[in-house]
Amino acid sequence: DTGVSQDPRHKITKRGQNVTFRCDPISEHNRLYWYRQTLGQGPEFLTYFQNEAQLEKSRLLSDRFSAERPKGSFSTLEIQRTEQGDSAMYLCASSPYGGGAQGETQYFGPGTRLLVL
Amino acid sequence: DQQVKQNSPSLSVQEGRISILNCDYTNSMFDYFLWYKKYPAEGPTFLISISSIKDKNEDGRFTVFLNKSAKHLSLHIVPSQPGDSAVYFCAAIPAGGTSYGKLTFGQGTILTVHP
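Line order of the protein sequences matches chains A and E.
Under the numbering used here, read the first sequence as residues 10 to 126, first letter to last.
Under the numbering used here, read the second sequence as residues 151 to 265, first letter to last.
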């Protein structure tokens with residue numbers, strides 16, 4: 010399977026705990042994106058990387074959120090001191106970038122569903 | 151500020167008929183548009199896209215139409231099949247600047263195709 014993979018698929022945690030999610034993009038893709046989706050809404054952009062550089066962070070991303078892509082391959086998203094409002098589906102996507110409009114198509118992983126009790 | 155809007159939360163069609171899903175946008179900087187399909191508990195799956203230099207793009211049963219002056223796009227599925235039942239999202243990407251590559255999604259439309 011050469012698609013985007015995410016781990017874990019589901020996470021239940023207690024309020025105040027830290028959680029970390031991992032995303033492995035399609036191997037030749039140099040852009041990696043994180044989105045969050047809540048019930049009844051479309052995915053909302055959180056942050057993205059081009060190779061190892063984090064190029065933009067949404068205002069949705071509070072100081073409790075941090076993302077890394079240390080070697081330009083996989084990425085991690087950490088949420089510190091989780092709150093019930095963090096409960097959502099966290100989606101990762103990757104794109105090849107470059108080569109015109111086709112490079113902008115983003116391919117999504119299955120998501121990590123987080124429930125904060 | 152909802153820059154991409156899908157005003158129909160749901161659509162129900164009969165198998166074999168045409169499904170038309172609509173999307174409106176407000177940001178004139180958007181120049182690349184995509185449609186994704188999403189099943190419950192899965193990530194969105196890319197369906198079809200269109201660049202702002204075109205007004206139509208076809209891929210099998212799926213056709214996307216873009217009306218730039220009206221800031222409106224639509225996805226036509228012909229013929230509709232029960233397996234097409236899912237949530238459909240339209241998304242848009244701006245032409246440049248710091249947000250280049252960032253997708254802005256609509257709220258989604260639930261399509262149900264009845265046998």
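Backbone N, C-alpha and C fix where the C-beta goes; we use that ideal spot for every residue, glycine too.
Predicted model only: the values in this text are computed from it and were never measured.
Who are residue i's beta bridge partners in DSSP?
i: E:Tyr182; result: E:Ser201 and E:Ile243
i: E:Phe215; result: E:Lys206 and E:Ser224
i: E:Asp174; result: E:Lys155 and E:His222
i: A:Val13; result: A:Val13 pairs with nothing; no bridge assigned.
i: A:Gln63; result: A:Phe58
i: E:Ile260; result: E:Ser160 and E:Val237
What does a CB cutoff of less than 7 Å around residue i pick up in its chain, not counting 5 residues either side in sequence?
i: E:Ile164; result: Reading off the sequence, residue 164 of chain E comes out as Gln, not Ile. Here the set comprises His264.
i: E:Gly251; result: Ile243
i: A:Pro17; result: Thr121
i: A:Pro119; result: Gln15 and Arg18
i: E:Ser235; result: Leu261, Thr262 and Val263
Give the interface partners of residue i over in chain A, defined as CB-CB distance under 8 Å, in chain order.
i: E:Tyr279; result: There is simply no residue 279 of chain E to check, as chain E begins at 151 and stops at 265 in what is shown.
i: E:Phe215; result: Chain A residues near E:Phe215: none, gap ~17 Å exceeds 8 Å.
Considering only their Cβ atoms, is the gap separating residue j from residue i smaller than 8 Å?
i: A:Gly81; j: A:Glu113; result: no
i: E:Leu161; j: E:Leu261; result: yes
i: E:Phe255; j: A:Gly12; result: no
i: A:Arg31; j: A:Phe58; result: no
Give every residue of the same chain whose Cβ lies closer than 6 Å to the Cβ of residue i, excluding the five residues on either side of it in the sequence, and list them in chain order.
i: E:Pro229; result: Gly166
i: E:Asp181; result: Ser202 and Ala245
i: E:Thr277; result: No statement about residue 277 of chain E is possible, as the shown extent of chain E runs from 151 to 265 and does not include it.
Which residues in chain A sit within 7 Å of residue i, going by Cβ to Cβ distance?
i: E:Gly193; result: Leu100, Phe117, Gly118, Pro119 and Gly120
Could you list which residues in chain A have their beta carbon closer than 9 Å to that of residue i, in chain order?
i: E:Phe239; result: Gly51 and Pro52
Grab me the residues of residue i's own chain with a C-beta within less than 8 Å of its C-beta, minus the 5 sequence neighbours each way, in chain order.
i: A:Ser67; result: Glu53, Phe54, Leu55 and Thr56
Should the region 17-27 of chain A be called in touch with the region 75-91 of chain A, which here means at least 3 C-beta pairs below 8 Å? yes
For the region 214-225 of chain E against the region 198-206 of chain E, are there 3 or more C-beta pairs whose distance is under 8 Å? yes
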